[in-house]
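The block underneath contains the structure these notes are about, expressed in structure tokens.
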Amino acid sequence: MISFLRRFVVDSWVGRVLALVIFIAFVTWGVGDVISNLGDDPSVAASVGSRKISSRELATALQAELPQMAQRMGAPDIKNLPPQFRNQMAQQVLQRLIGQAQVLEAGAAMGLVVPDSAVREEIFAMPYFKDKDGKFDRKLFDSRMAQAGMTEQRLIGLVRDDLAGRGVLDATLSGAHVPDVLVSRTYGFETETRVLDVLHIPFASEPMPQDPDDATLRRFYTNHPWLFVSPELRHARVVVLSPDTVASTVSATDEEMHRLYDAQKERFHLPELRSVQLVTAPDETQAQAIATVWRGGATWAQVQAAAKDSAAVEFDDARESSLPSEALQKLVFSAPADTVQGPVKVDTGWVVFHVVKVTPPKDTGFDDAKASLKDQIVKARAPETVNANVKKLQDAIAGGGLDAIPSDLGAAAAAGTLDSAGMTKDGEPAPLPASGALRDAVVARIFSQAKGAPPVLTEATAPAKQGQPGQSLGWYAVSVDDVTVSQPVPFDQARARVIAAWRDEARRHAADEQATGLYLAAQQQGGIAAVAPTGADLKKGVFASRARPPEGLPEDLAQTVLRMPAGRSVMGEDSESYIVVTATAVQHPDPAADSLGFGRVRDGLTDSLTSDLTGVLTRSLGERYKAKIVPAGVKAALDMAGFGDGS
């Protein structure tokens, strides 16, 4: 939501057109709640009120935007994406044009008129038409307009619409102001920092108990029957058609790889990166005190504790441009590594910093990048290959089951016995031709399908996100030949497993008793550091806030810790240990000493408020100015843009 707002308000349509060697890319919006057909007129893609979006207009936008969208998806060429993907992308572009039309309809209904003088001033102010002296150059204007294939009248219309759209938005968004009290309270909530002492008591750290007598083992066996059963085993035949299985059949030429290499220069020509720890103090005296402590051998955690009224931040593998000011960029990227620098005055305050790591720039030549480039192209093309072969595989299964799969489809077959966890009798992962969620789907189907049931080709998809359908992971079919049901394992056969399980339970219980005793003592004696035994896994001075949650703690325990007052202790557990945590202090950073962090909070709240206002506006416009889409016109636009499926 924020991205299209920024593009609409800050970047003019004409700016986007001419900034990239003058190609047309329309304003990005999204909505269009009510969709119905206008008929089959292929010259019109959609209609909003009195405005029509022609197929030619949509085709122009598709040519400008779809290649960029494909690159963001990792596809070197939009034509490598399956037709249904291209159709979905075309609908997104069309909805943006619909959003533009709805804004302009609202402007017309308000009686908003853009005078010719405003249009002229806007065009004359564009840097693309100015000479070296910064003056509007008519010859340059004519040249660049001809280069873009755009008429003067068309440009005037675009600029007029752009100014009208801004007028509509300004009336709604000009009041997007976040009060200082809200920023201060949000900043305080997010940055409220607890200093923690954390003790882990691993189950495995407890001494191994002596084996119990036979009666104890049998009682444990009887009380935990679910632990000592043989898994259900099924023998199945499987065929999988997925991007991975067809990868060996997809090729990529040197020319294609060269084009992709040139398009991804930043990936193969990395600049120098630096990891830096940085403290910004409000005055030189405090900065000097921090520098003295740091140079005296203090750790970063100790420096953070000493810098109570200052802002302490870390940048990991940062590019020079990612640092917040030019002065700071020059300081950090000219400083030697492993030395404390400062204090130095910059625009954000007095800074002291330590360059922890320097990663030199790296250039990867084409020959070294070929394998990665080919893999990227293959991954982009594989889904289309899968889609092309699904019908053939379906026909083959219908005609002869899993014994009649043609070898040229890129499908992979396997057969064997496995349990519901996908493991063989020997405890090894079953060699299925699938991985991740696709493998999980195959195993689940094996254990849900009836023995002897005919195989059915089924698609596995990733979970849906943000209302979009889940991405296809591949297709599979299963035939279950035999089932061995789960049964209790007799005590004598399970004896070794019973002993191991009893030991694990005993050590876990011992860790529980120890942790409980330390927790109760910590509550009475001033915290876990005061009662932790010598050599225990105790971490002192751990900083945690909502902006930087504590690492190594389970989610429920971390949330509890962030609400505790100083002096309070709490006990929890994860999969490997019991944990006792004491909050030794609660710190409240001064926003005056952290102008950068305070500004980020203000920007985030302003963006959120602006997004909410924009959402209200777009929903209102979508309801007021109904969008009608013509599928035939959208298809015609795809064909005109060269992205159709040829049907």
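All residue numbers for the sequence shown refer to UniProt numbering, where the first residue is 1 and numbers rise by one. Every residue gets a Cβ at the ideal spot worked out from N, C-alpha and C, and that includes glycine.
| Item | Value |
| --- | --- |
| Validate contact between the segment 232-239 and the segment 402-419 using beta carbons, cut 8 Å, 3 pairs | yes |
| Bounding residues of the beta strand (DSSP E) (the contiguous stretch that carries Glu384) | Element bounds for Glu384: not the beta strand (DSSP E) but the alpha helix (DSSP H), 366-400. |
| 7 Å Cβ shell around Pro243 - same chain, five flanking residues per side excluded | Lys379, Ala382, Pro383, Val386, Gly474 |
| Cβ-heavy atom distance, Ala59 to the ligand MG, below 6 Å | For the ligand MG, the structure offers nothing, since it holds no ligand at all. |
| Contact check, Ala636 vs Pro42, beta carbons under 7 Å | yes |
| Contained beta strand (DSSP E) runs [length at least 3] in the segment 188-224, N- to C-terminal order | 193-202 |
| Enclosing beta strand (DSSP E) for Val44 [first to last residue] | 44-48 |
| Assigned secondary structure, Val103 (DSSP; H/G/I helix, E/B strand, else coil) | helix |
| Beta-carbon proximity of Pro209 to Ala506, cut-off 7 Å | yes |
| Residues that DSSP places opposite Glu459 in a beta bridge | Trp475 |
| Inter-residue Cα distance where the pair is Val601 and Ser325 | 18 Å |
| Gln524 in three-state terms, based on DSSP | helix |
| Sequence-distant residues of its chain with Cβ nearer than 7 Å to Val332 (five each side left out) | Arg274, Val276, Leu323, Phe353, Val355 |
| Coarse secondary structure for Arg563, derived from DSSP in three states | coil |
| Buried/exposed call for Trp226, threshold 16 Cβ in 10 Å | exposed |
| Distance, Pro554 Cα to Lys357 Cα | 30 Å |
| Neighbourhood of Thr348 by C-beta, 8 Å cutoff - its chain only, sequence neighbours within 5 removed | Thr280, Pro324, Ser325, Leu328, Ser595, Leu596 |
| C-beta atoms of Ala585 and Ala566 nearer than 7 Å | yes |
| Inter-residue spacing [alpha-carbon to alpha-carbon] between Arg120 and Pro631 | 38 Å |
| Residue range of the beta strand (DSSP E) that includes Pro631 | Not the beta strand (DSSP E): Pro631 falls in the alpha helix (DSSP H), residues 631-641. |
| Separation of Gln153 from Trp29, as counted between CA atoms | Low local confidence applies: a pLDDT of 34 at Trp29 is under 50, so the model's placement there is unreliable, and no value is given. |
| Local conformation of Leu613 per DSSP, three classes | helix |
| Straight-line gap, Pro127 to Leu140 (C-alpha atoms, nearest Å) | 11 Å |
| Proximity of Leu409 and Leu432 at Cβ, strictly below 7 Å | no |
| Neighbourhood of Val561 by C-beta, 8 Å cutoff - its chain only, sequence neighbours within 5 removed | Arg194, Leu196, Ala544, Pro550, Leu553, Val570, Val581, Ala583 |
| DSSP state of Val542 mapped onto helix, strand, coil | strand |
| Whole-angstrom distance between Leu418 and Pro231, CA atom to CA atom | 9 Å |
| DSSP state of Thr60 mapped onto helix, strand, coil | helix |
| Whole-angstrom distance between Phe228 and Ala521, CA atom to CA atom | 39 Å |
| Pro231 (DSSP reduced to helix, strand or coil) | coil |
| Beta-carbon spacing of Gln525, Val531 below 7 Å | yes |
| C-alpha gap between Val10 and Asp367, whole angstroms | Annotation note: pLDDT 38 at Val10 (below 50); position unreliable, no value reported. |
| Straight-line Cα distance separating Asp590 from Ala311 | 8 Å |
| Range covered by the beta strand (DSSP E) that runs through Ile579 | 577-587 |
| C-alpha distance - Gly39 paired with Ala421, whole-angstrom precision | Here Gly39 scores only 43 on pLDDT, less than 50, and its place in the model should not be relied on; the value that follows carries that caveat. About 53 Å. |
| Option nearest Ala318 by Cα separation, candidates Pro360, Asp283, Ala462 | Pro360 |
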